[in-house]
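Encoded as structure tokens, the structure appears first; notes follow it.
Numbering (our numbering), first residue to last: 31 to 153.
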């Protein structure tokens, strides 16, 4: 067993701490996943929603998202509401047929510092 001094170990750790962690383990940025021949993707096409987020003008703890389905098939989505110091809220799930408009909304807890952001997730 080789022994090293504490100062040598600390110096080595300091040098290593300055290097990006991914340097030794990450694949090159140009790496591609292995090709799989004869297999078709089962992934659904990306849903096209046109959405606007909002915070209620009389209740700053209520907010949501209004969306229009611009795709050729049904789309289900929900709002994600960031509530400051209170737990975040997930709005109700809404399924829209093509061309249909719908709303997902939620309300932050009374002790929230206010809505910090609103987004939506396609389910």
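For each residue, glycine too, the CB sits at the ideal point set by N, CA and C.
In the three-state reduction of the DSSP assignment, residue 133 falls in the strand class. The shortest CA-to-CA distance from residue 130 to any of 92, 89 and 96 is the one to 96.
In the structure shown, residue 116 adopts coil according to DSSP, grouped into three states. Residue range 124-126 is occupied by the beta strand (DSSP E) that includes residue 125. In the DSSP assignment, residue 92 falls within the beta strand (DSSP E) that extends over 92-99. For residue 78, the secondary structure class from DSSP, reduced to helix, strand or coil, is coil.
The beta-carbon separation of residue 108 and residue 134, rounded to 5 Å, stays under the 8 Å limit for a contact. Scanning its chain for C-beta atoms nearer than 8 Å, with the 5 sequence neighbours on each side dropped, one finds around residue 124 the residues 97, 106, 107, 108, 132, 133 and 134, in chain order.
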